[in-house]
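K.L.:
Number of protein chains: 2
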Amino acid sequence: MSHMAYGCLMSVDRDQLLRRAATQLTRKGSSTLDEVAKASGISRATLHRHFAGRDALIRALEELGIQECEAAMDAARLGEGSAGDALRRLIKEIEPAAGLLAFLVTENQLFEGDEQHEGWTRLDVRVAALFKRGQESGEFRIDLTPAWLTEALYGLIGSGAWAVLDGRVAAKDFSYMIAELLIGGAQRRVES
Amino acid sequence: MSHMAYGCLMSVDRDQLLRRAATQLTRKGSSTLDEVAKASGISRATLHRHFAGRDALIRALEELGIQECEAAMDAARLGEGSAGDALRRLIKEIEPAAGLLAFLVTENQLFEGDEQHEGWTRLDVRVAALFKRGQESGEFRIDLTPAWLTEALYGLIGSGAWAVLDGRVAAKDFSYMIAELLIGGAQRRVES
DNA sequence: GCCATGTGAGACATATTTGTCTCATGAGGG
DNA sequence: CCCTCATGAGACAAATATGTCTCACATGGC
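Protein chains in written order, with full-length UniProt numbering: chain A, 1 to 192; chain B, 1 to 192.
(1) Let me know if Pro96 of chain A comes out buried or exposed under the rule of 16 or more other beta-carbons within 10 Å of its beta-carbon.
(2) Check whether the Cβ of Ala186 of chain A lies closer than 8 Å to any Cβ atom in chain B.
(3) Can you give the beta carbon distance from Ala30 of chain A to Gln109 of chain B, rounded, assuming they're within the 8 Å contact cut?
(4) Give the straight-line distance between the Cα atoms of Phe131 of chain B and Arg168 of chain B, rounded to the nearest whole angstrom.
(5) Assuming contact is defined by CB atoms lying nearer than 8 Å, are Glu62 of chain B and Leu33 of chain B in contact in what I supplied?
(6) Below 7 Å CB to CB, which residues in the same chain sit around Ser175 of chain B once its five sequence neighbours on both sides are set aside?
(7) I'd like to know if the segment 37-52 of chain A and the segment 9-28 of chain A are in contact, where contact means that at least 3 CB-CB pairs between them fall below 8 Å.
(8) With 16 other CB atoms within 10 Å as the buried threshold, where does Val190 of chain A fall?
(9) Can you list, in chain order, the residues of its chain with a C-beta nearer than 6 Å to that of Gly134 of chain A? Leave out the 5 residues immediately preceding and following it.
(10) Under 8 Å between C-beta atoms, does Gly119 of chain A make it to chain B?
(11) If you run the structure through DSSP and keep just helix, strand and coil, what is Gln109 of chain A?
(12) At which residues does the alpha helix (DSSP H) containing Val169 of chain B begin and terminate?
(13) Just checking my contact of Leu144 of chain B with Met177 of chain A at CB under 8 Å: how many whole Å lie between their CB atoms?
(14) Identify which residue in A:Gly184, A:Thr106, A:Ile66 and A:Ala186 has its Cα closest to the Cα of Val127 of chain A.
(15) What alpha helix (DSSP H) runs, 4 residues minimum, are completely inside the segment 48-110 of chain A?
(16) Alpha carbon to alpha carbon, what distance is there between Gln187 of chain B and Trp120 of chain B?
(17) Can the beta-carbon of Leu156 of chain A be found closer than 8 Å to that of Ala152 of chain B?
(18) Jot down the residue ranges of each uninterrupted alpha helix (DSSP H) in the segment 115-152 of chain B, minimum 4 residues, whole runs only, in chain order.
(19) Between the alpha carbons of Gly138 of chain A and Leu165 of chain B, how many angstroms are there, rounded?
(20) Closer than 9 Å by beta-carbon distance: list the chain A residues that pair up with Ala161 of chain B, in chain order.
(21) What in chain B is Cβ-close to Gln109 of chain A, meaning under 8 Å?
(22) I'd like to know if Val169 of chain A contacts chain B, where contact means its C-beta is closer than 8 Å to some C-beta of that chain.
(23) Could you round the C-beta distance between Leu78 of chain B and Ile183 of chain B to whole angstroms and report it? I think they count as a contact, below 8 Å.
(24) Less than 7 Å separating the Cβ of Arg14 of chain A from some heavy atom of the ligand NAP?
(25) Compute the distance between the beta-carbons of Ala161 of chain A and Ala98 of chain A, then report whether it is under 8 Å.
(26) Between Met177 of chain B and chain A, is any beta-carbon pair separated by less than 8 Å?
(27) What does DSSP give as the partner residue(s) for Gln16 of chain B in the beta ladder?
(28) Give a yes or no on whether the C-beta atoms belonging to Glu107 of chain A and Ile58 of chain A are separated by under 8 Å.
(29) What do you get for Ser43 of chain B, buried or exposed, if any count of 16 or more other CB atoms within 10 angstroms of its CB means buried?
(30) Using a threshold of 8 Å, state whether the C-beta atoms of Gly185 of chain B and Gly185 of chain A are closer than that.
(31) Return the CA-CA distance between Ser159 of chain A and Asp13 of chain B, expressed in angstroms with no decimal places.
(32) Can you have a look at Gln24 of chain B and say buried or exposed, based on whether 16 or more other CB atoms are within 10 angstroms of its CB?
(33) On the DSSP bridge list, what partners appear for Gln24 of chain A?
(34) Going by other Cβ atoms of all chains shown within 10 Å of its Cβ, with 16 needed for buried, is Glu136 of chain A buried or exposed?
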């Protein structure tokens, strides 16, 4: 509601800006606002014009991350087909947001205010429901709790993003590596 | 060499101190030295007497983490038996250090100075060798690279430690959850 | 009781980061 | 051509974190 006529200049793309900020903050969580700004290709002044302060920036990143995750979950149609396929679709859809996620996952300060953003809870519920569905259909094992599988998914996405960022894993293998490990595990399978 | 007669007072146990500091820093990576000190049950002055500054503290934590990992790997006898069993032993042995590890994994600043502590490299090599051994023996699948499996192991340990710290996973299930997921995956197995 | 020595509390200066401001520039639209 | 507006550069104070002190206290050995 605040900006009605938005079609003038706005040379810095807010989304792209947030994404670059996330990349820098993923590399070094204690980055100065100046470092974030420079890494984003803008000046600290401009960064400050877009986000009132460090907190506001983090909040915006959180908001964006949640938003992208929800979009990914919608696009992945978690309720359709086998749970495994749905999970694969989810990981593929969420890949573009992996860097952002990697940062947010480690940004445990968010949980410090003991007021966990309800958006995360919603996401957790959806993912956990997916795992639960897989368990009830007999596709997934039942000795690993949905809560742990959810946590592990986040962790692996973070590890994957980091590994790609660090050159230890090729970007094109990202979703395959995560999905295959999470679903099938490291053990070689004898069946189909 | 500096303290020869060390057996007098020394009421604060350096190892325990480091562990508590790690816990606090895992919860909030940007903790003030004052917060770290209070969370460790000592004053900032005393903390400062043990570690010259924040850097020195982090370095000490890093050193301790590496040391504990190496000890765990030694104790796990990675070369003996099946790779899967060796991996299970490793996870069990490394569990006490999981909190510390969780912090160090996210403390990517360490890698900023582009001078990655050689200790980590040594550990990476050992873990990767374990996965490679498993692949060559036909026990592990070959489409997931040892480098990725190594990364994933660290990531899952971090996630596990965090989940336990947060009460989403029972502490007693820690090593089982990680080992089973990493080795067997979420998919239900039909075979033995 | 007297003396080590490790400790907590807190003062203090310094360093770093942050938030706010001004001013000049440059690009785009009218 | 002029006007508007986002921006970069940088000055500046305020807030915060850090490093270094001093001093009082307590505990344990003598």
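Quick reminder that beta carbons are idealized off the backbone N, C-alpha and C, glycines included.
P.N.:
To lay it out plainly:
(1) Numbered from its first residue, the first sequence carries residue 96 of chain A at position 96. Classification for Pro96 of chain A: exposed.
(2) Walking along the first sequence from the start, residue 186 of chain A turns up at place 186. Closer than 8 Å: yes.
(3) Within the first sequence, numbered from 1, the residue matching residue 30 of chain A stands at position 30. Within the second sequence, numbered from 1, the residue matching residue 109 of chain B stands at position 109. The sequence shown places Ser at residue 30 of chain A, not Ala. Rounded, the Cβ-Cβ distance is 7 Å, consistent with contact.
(4) The residue labelled residue 131 of chain B in the question sits at position 131 within the second sequence. The residue labelled residue 168 of chain B in the question sits at position 168 within the second sequence. If you take the alpha carbons of Phe131 of chain B and Arg168 of chain B, they lie about 29 Å apart.
(5) In the second sequence, the residue the question calls residue 62 of chain B occupies position 62. In the second sequence, the residue the question calls residue 33 of chain B occupies position 33. No, the pair does not count as a contact, with Cβ atoms beyond the cut-off.
(6) In the second sequence, residue 175 of chain B corresponds to position 175, counting from 1. Closer than 7 Å at Cβ, skipping near neighbours: Ile91, Lys92 and Glu95.
(7) yes
(8) Within the first sequence, numbered from 1, the residue matching residue 190 of chain A stands at position 190. Exposed, since its Cβ has fewer than 16 Cβ neighbours within 10 Å.
(9) Walking along the first sequence from the start, residue 134 of chain A turns up at place 134. Hits under 6 Å: Ala83 and Phe140.
(10) The count along the first sequence starts at 1 and reaches residue 119 of chain A at position 119. It does not; no Cβ of chain B falls within 8 Å.
(11) The count along the first sequence starts at 1 and reaches residue 109 of chain A at position 109. Gln109 of chain A: helix per DSSP, three-state reduction.
(12) Here residue 169 of chain B refers to the residue found at position 169 when the second sequence is read from its first residue. No alpha helix (DSSP H) holds Val169 of chain B; DSSP gives it neither H nor E.
(13) As a position in the second sequence, residue 144 of chain B is number 144, starting the count at 1. As a position in the first sequence, residue 177 of chain A is number 177, starting the count at 1. At roughly 6 Å, the Cβ-Cβ gap stays under 8 Å, so Leu144 of chain B and Met177 of chain A are in contact.
(14) On the first sequence, residue 127 of chain A is found 127 positions in, with the first residue counted as 1. Looking at the Cα atoms, A:Ile66 is the closest of the given residues.
(15) 54-76, 83-94 and 98-106
(16) Within the second sequence, the letter at position 120 stands for residue 120 of chain B. Within the second sequence, the letter at position 187 stands for residue 187 of chain B. Those two C-alpha atoms are separated by around 32 Å.
(17) For the purposes of this step, residue 156 of chain A is taken as the residue at position 156 of the first sequence. For the purposes of this step, residue 152 of chain B is taken as the residue at position 152 of the second sequence. Yes; because the gap between Cβ atoms is below 8 Å, this pair is in contact.
(18) 118-136
(19) Position 138 of the first sequence holds residue 138 of chain A. Position 165 of the second sequence holds residue 165 of chain B. Cα to Cα, the separation comes out at about 30 Å.
(20) For the purposes of this step, residue 161 of chain B is taken as the residue at position 161 of the second sequence. By Cβ distance, chain A contributes nothing, its closest Cβ being about 10 Å from Ala161 of chain B, past 9 Å.
(21) If you number the first sequence from 1, residue 109 of chain A lands on position 109. Going along chain B in sequence order, the residues near Gln109 of chain A (Cβ under 8 Å) are Lys28, Gly29 and Ser30.
(22) The residue given as residue 169 of chain A occupies position 169 in the first sequence. Interface residue, yes.
(23) As a first step, residue 78 of chain B must be located in the second sequence, where it is residue number 78. As a first step, residue 183 of chain B must be located in the second sequence, where it is residue number 183. With a Cβ gap of about 14 Å, Leu78 of chain B and Ile183 of chain B do not count as contacting.
(24) Summarising the ligand content, the structure contains no ligands, and the ligand NAP is consequently not present.
(25) Taking the first residue of the first sequence as position 1, residue 161 of chain A is located at position 161. Taking the first residue of the first sequence as position 1, residue 98 of chain A is located at position 98. Yes.
(26) Your numbering for residue 177 of chain B matches position 177 in the second sequence. By this cut-off, Met177 of chain B is an interface position.
(27) Translated into positions along the second sequence, residue 16 of chain B becomes position 16. Beta-bridge pairing links Gln16 of chain B to no other residue.
(28) Within the first sequence, numbered from 1, the residue matching residue 107 of chain A stands at position 107. Within the first sequence, numbered from 1, the residue matching residue 58 of chain A stands at position 58. Yes, the pair counts as a contact, with Cβ atoms nearer than the cut-off.
(29) Position 43 of the second sequence holds residue 43 of chain B. Ser43 of chain B comes out exposed.
(30) Residue mapping note: residue 185 of chain B aligns to position 185 of the second sequence, counting from 1. Residue mapping note: residue 185 of chain A aligns to position 185 of the first sequence, counting from 1. Taking 8 Å as the Cβ cut-off, Gly185 of chain B and Gly185 of chain A qualify as a contacting pair.
(31) By 1-based counting over the first sequence, the position of residue 159 of chain A is 159. By 1-based counting over the second sequence, the position of residue 13 of chain B is 13. Computed Cα separation, rounded: 33 Å.
(32) Locating residue 24 of chain B in the second sequence gives position 24, counting from the first residue. Counting Cβ neighbours within 10 Å, Gln24 of chain B comes out buried, since at least 16 surround it.
(33) The sequence position of residue 24 of chain A within the first sequence is 24, counting from 1. Gln24 of chain A pairs with nothing; no bridge assigned.
(34) Taking the first residue of the first sequence as position 1, residue 136 of chain A is located at position 136. Glu136 of chain A comes out exposed.
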